[in-house]
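Data block below; observations after.
Here is the structure:
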């Protein structure tokens, strides 16, 4: 199994808070844009998390009042104009691979959104399992505003499932920013909190999830992703098999014995 505690990324901040990994993009002077290198390093990190037994949840945190301003205009957008189709497809597949790595990492991901959350930043928030935000968060799937289609990094598949087809279509056709209040009302954000409390609440939520039955949580994440393409009958059968596996875990037995003893179960992830 991979041990992530010693990870020292070059292009973002990483720290472990118990079994929670906290990630922050680290270019606050530019509102934390992504570069070719940070995209790739994030993708590789989430891929590695799939086999990490020391990480039970992930918190994506803002830095200096902003979450992520998307692809860096000078370091990504400019060079893309000069690329040929082969190079462009390699780039767009790489960015999509980041989302796939997030979906398949087996760890619940909490995004804590403050300030600017635009373009690929909005996608990263969208691809997380849970989202908290401050009242000042501005989330924009702004691809349309720079001459691109709204179908970027899975947006047309995932966003309608979160906020509904009509609302997603509006945001993707216009590129306008979704306010934090809209995001909460539409189900994009699970909760709005003040900027002072955002990081603490996100980490507390991640810790709460990390203290649960982590093997079972990984199964839940897998099913949430895989059941998108299943019929109802297929989903019910897949869940029957998944739950039968979870019943065999020691965590299930621990929960039973704790219930009998009228105590709180201590899960160990096996």
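In the working numbering, the protein residues as written are 386 to 655. Just so you know, even glycine gets a beta-carbon here, dropped at the ideal spot from N, CA and C.
With a threshold of 8 Å (Cβ to nearest heavy atom), would residue i be considered close to the ligand FMN?
i	result
residue 547	As presented, the structure is devoid of all ligands, the ligand FMN included, so that no description of it is given.
For residue i, which of helix, strand or coil comes out of DSSP?
i	result
residue 536	coil
residue 578	coil
residue 507	helix
residue 627	helix
residue 518	strand
residue 646	coil
residue 419	strand
residue 651	coil
residue 489	coil
Who does residue i pair with in a DSSP beta bridge?
i	result
residue 563	524
residue 502	453, 524
residue 408	399, 445
residue 497	517
residue 437	387
State yes or no: is the beta carbon of residue i nearer than 9 Å to at least one beta carbon in chain C?
i	result
residue 610	Any reference to chain C falls outside this structure, which holds one protein chain only.
Considering Cα atoms alone, identify which of the options is closest to residue i.
i	options	result
residue 441	453, 404, 449	404
residue 417	488, 386, 563, 498	498
residue 557	532, 474, 473, 465	532
residue 476	583, 420, 450	420
residue 446	584, 457, 527	584
residue 587	528, 470, 543, 402	402
residue 610	487, 429, 437, 495	487
residue 434	407, 478, 596	407
residue 530	455, 589, 644	455
residue 444	473, 409, 432	409
Would you call the stretch 534–552 and the stretch 503–512 in contact, with 3 or more CB pairs under 8 Å? Three or more beta-carbon pairs separated by less than 8 Å link the stretch 534–552 to the stretch 503–512, which places the two stretches in contact.
Kindly confirm or deny that the stretch 577–590 and the stretch 513–520 touch, where touching means at least three C-beta pairs closer than 8 Å. The stretch 577–590 makes contact with the stretch 513–520, as at least three CB pairs between them are under 8 Å.
Is the stretch 488–495 touching the stretch 585–605 in the sense that three or more CB pairs, one from each, lie closer than 8 Å? Enough Cβ pairs lie closer than 8 Å, so yes.
For the stretch 562–571 against the stretch 520–530, do three or more pairs of beta-carbon atoms, one drawn from each stretch, fall closer than 8 Å, so that the two count as touching? Note that the stretch 562–571 touches the stretch 520–530; at least 3 beta-carbon pairs, one per stretch, sit closer than 8 Å.
Alpha helix (DSSP H) segments (min. 4 residues) lying fully within the stretch 573–622: Taking only runs of at least 4 residues, the alpha helix (DSSP H) segments lying wholly in the stretch 573–622 are 580–595, 599–611.
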